[in-house]
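As structure tokens, the structure follows; a few thoughts come after it.
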Amino acid sequence: AVVSTQSTGTPGFKDLVAELRANECQVFLVSGGFTHLIEPEAAKCGIPPDHIIANQLLFDDNGDYIGFDKTCPTSESMGKARALSMIKERHNFTKMIMIGDGMTDAEARPPADIFIGFGGNVKRDAVCEVSDWYITSFSSILEVLKEN
């Protein structure tokens with residue numbers, strides 16, 4: 332499963348990650364945000380740094396901001412789709428699910444096989460319309476996982 336970072340602080344997210352991992356699913360976090368902000372939140376949910384693809388801020392030797400790493404796939408248009416392709420290829424995944432709340436998340440299908448739109452923080456009608464499944468709470472996914 333691949334998730335967007337907007338959801339890491341949402342109630343139920345940590346439980347969802349734990350349940351996915353208990354079911355031997357690898358969880359990756361792909362974001363247009365910045366790694367130095369995302370990694371601490373991801374760590375609280377058990378997502379290791381090597382399962383995060385996000386933008387990297389660059390600083391000089393004095394600690395002054397000099398830009399961002401433009402080689403990161405999420406730094407450009409359709410970057411999440413490119414990131415998912417890289418993950419899918421690197422890990423030889425045959426199936427991949429993307430969970431996210433925005434259109435850049437929805438654009439990652441394909442390579443994701445299924446897109447679950449998330450409206451627990453903000454409902455976006457456009458995301459709802461293109462989702463294979465639209466949820467407003469992570470408990471919806473947890474219920475299905477526990478039934479199977």
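Residue numbering for the sequence shown follows my numbering, beginning at 332 and increasing consecutively. In this text, a Cβ means the ideal position worked out from N, Cα and C, and glycines have one as well. Since we're looking at a predicted model, the values are computed, not measured.
Legend entry - Burial state of residue 388 (16 or more Cβ within 10 Å): exposed
Legend entry - Same chain, Cβ closer than 8 Å to residue 403, five either side skipped, listed in chain order: 384, 385, 386, 387 and 410
Legend entry - Rounded straight-line distance, which links the Cα of residue 364 to that of residue 408: 14 Å
Legend entry - Coarse secondary structure for residue 363, derived from DSSP in three states: strand
Inset, instruction - Could you pull the start and end residues of the beta strand (DSSP E) that residue 482 belongs to? - result: A question about residue 482 goes unanswered here, because the residues of the chain that appear run from 332 up to 479.
Legend entry - Proximity below 7 Å, CB of residue 359 to CB of residue 418: yes
Inset, instruction - Count the CB pairs spanning the region 439-451 and the region 460-469 that are closer than 8 Å, and state whether there are at least three. - result: yes
Inset, instruction - From the DSSP output, in three-state form, read off residue 378 for me. - result: coil
Inset, instruction - Classify residue 421 as buried or exposed, calling it buried when 16 or more other Cβ atoms lie within 10 Å of its own Cβ. - result: exposed
Legend entry - Extent of the continuous alpha helix (DSSP H) run through residue 414: 410-421
Inset, instruction - Give the secondary structure of residue 427 by DSSP, where H, G and I count as helix, E and B as strand, and everything else as coil. - result: coil
Legend entry - Those residues which DSSP pairs with residue 398 across a bridge: 389
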